[in-house]
Amino acid sequence: MIDSYLMSNIAAPPPTELAAVLLDGVRAVRRGAPALAGLEPDSYARLHSAFELLSDQRDLIAEHLAERLADRGDGPISVLSVGCGDGVLDVRLAAGLVLAVPGRPVRYVGVDPWIGSVERFTATMAALDADELSADGHVASFGDSPVDETFDVVMFVHSMYYVADVGATLRAALALLRPGGELWVAVAPSAELNALVGVLAPPLEGHRQWFSGDVGEAFVDAGIVVDDVATLHALVDLASASDEVLDFAVQARLTPDLQGPVRAYLDAVSVPGVDGGLRVPHPVDVFTASGH
Numbered sequence: 076m077i078d079s080y081l082m083s084n085i086a087a088p089p090p091t092e093l094a095a096v097l098l099d100g101v102r103a104v105r106r107g108a109p110a111l112a113g114l115e116p117d118s119y120a121r122l123h124s125a126f127e128l129l130s131d132q133r134d135l136i137a138e139h140l141a142e143r144l145a146d147r148g149d150g151p152i153s154v155l156s157v158g159c160g161d162g163v164l165d166v167r168l169a170a171g172l173v174l175a176v177p178g179r180p181v182r183y184v185g186v187d188p189w190i191g192s193v194e195r196f197t198a199t200m201a202a203l204d205a206d207e208l209s210a211d212g213h214v215a216s217f218g219d220s221p222v223d224e225t226f227d228v229v230m231f232v233h234s235m236y237y238v239a240d241v242g243a244t245l246r247a248a249l250a251l252l253r254p255g256g257e258l259w260v261a262v263a264p265s266a267e268l269n270a271l272v273g274v275l276a277p278p279l280e281g282h283r284q285w286f287s288g289d290v291g292e293a294f295v296d297a298g299i300v301v302d303d304v305a306t307l308h309a310l311v312d313l314a315s316a317s318d319e320v321l322d323f324a325v326q327a328r329l330t331p332d333l334q335g336p337v338r339a340y341l342d343a344v345s346v347p348g349v350d351g352g353l354r355v356p357h358p359v360d361v362f363t364a365s366g367h
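Going by this note's numbering, the sequence shown wraps up at 367, each residue one higher than the last.
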């Protein structure tokens, strides 16, 4: 549905043009207004979980990363997950490593700035009850992390958005790799959904939201060779999202005057899902770089 703020006597343009018109409408509502409020830390994890239930992206990421882990052979393996959150993704990967090669030592470390998330991460890992799995969680940002070991894999899954300096973070992550190790960075492009984020989200710790284009440029500027970039084409059902989950989707607390324009834009960019319902494209790019 297109809200009444559009003039009904103007012929509807093609979908891509309509989306651009609607996005300009959102910009017009925001023009000259103070920054929207961000998401509160205590509700972020809850809304993230609710958002993920509407998307197939986590499953696609889990499958992609599990395949990459399987390609690393049957020997002992260690993983650092930066921005691990509650460990829902990481426990799937850790379980896959344990089951794939019985008896293989698996070391898994999570870092996240929110204590509640780290507590859930460590509890989730402990629930695997696998003697060959050693897991620790640290409440810290990556730059302040007490991690003092090296890893076969260092990964940032939707966490590179929050660092102040992407290039410095990439270099620091590569320094934590063992010889032959790999750095994986999963980050969204500035596509349909994140075009809204770019307009609506408040600055993060003094910088704007980073997207995959920014990360790609940072790899180049840092002189780091990217071995591979895989795009996972996920979809998310935002038509049935609550107002709070919609806030998470755009990374800002929407004011009432924005609800209609934002939902109209999301309708305009939606595509049919496998069940026939409309879904918003929700892609993620996964960068891979090797250690020396």
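Built from N, CA and C at the ideal position, the CB exists for glycine as well.
Cβ-based burial, alanine 250 [other Cβ within 10 Å; buried from 16]: exposed
Reduced DSSP category for isoleucine 299 - H, G, I as helix; E, B as strand; rest coil: coil
Nonlocal neighbours in the same chain, by C-beta distance under 6 Å from valine 193, ignoring five residues either side: Asp187, Gly212 and Val214
C-alpha distance - glutamate 142 paired with glutamate 292, whole-angstrom precision: 26 Å
Counted within 10 angstroms of its Cβ, other Cβ atoms place valine 295 as buried (16 or more) or exposed: exposed
N- and C-terminal bounds of the alpha helix (DSSP H) containing phenylalanine 196: 190-201
Under the three-state DSSP convention, the category proline 277 falls into: coil
Reduced DSSP secondary structure (H/G/I, E/B, other) of valine 320: helix
Distance between beta carbons of tyrosine 340 and leucine 271, contact taken as under 8 Å: 7 Å
Sequence-distant residues of its chain with Cβ nearer than 8 Å to glycine 366 (five each side left out): Leu249, Leu252, Arg253, Pro254, Gly255, Gly256, Glu257 and Leu258
Host beta strand (DSSP E) of arginine 354 (start-end): 353-356
Environment of arginine 106 [buried if 16+ CB atoms lie within 10 Å]: exposed
Three-state secondary structure assigned by DSSP to arginine 328: coil
Which of helix, strand or coil DSSP assigns to valine 311: strand
Glutamate 142 - DSSP class collapsed to helix/strand/coil: helix
Straight-line gap, alanine 125 to threonine 197 (C-alpha atoms, nearest Å): 21 Å
Counted within 10 angstroms of its Cβ, other Cβ atoms place alanine 276 as buried (16 or more) or exposed: buried
Beta-carbon contacts of leucine 81 that lie in its chain and below 7 Å, excluding the five residues immediately before and after: Unreliable placement is indicated for leucine 81, whose pLDDT of 32 sits below 50; the coordinate value is still reported in the next sentence. Result list for leucine 81: empty, nothing under 7 Å.
Candidates Asp322, Phe217 and Arg179: closest to leucine 313 by CA position: Asp322
Meets three-Cβ-pair contact criterion under 8 Å: the segment 301-310 and the segment 352-361: yes
Helix, strand or coil at alanine 225 according to DSSP, with G and I counted as helix: The amino acid at residue 225 is misidentified as alanine; the sequence shows threonine. Looking at threonine 225 - three-state DSSP - the assignment turns out to be coil, as it is neither helix nor strand.
Of the residues Pro331, Asp350, Leu111 and Thr244, the one placed nearest phenylalanine 217, counting alpha carbons only: Thr244
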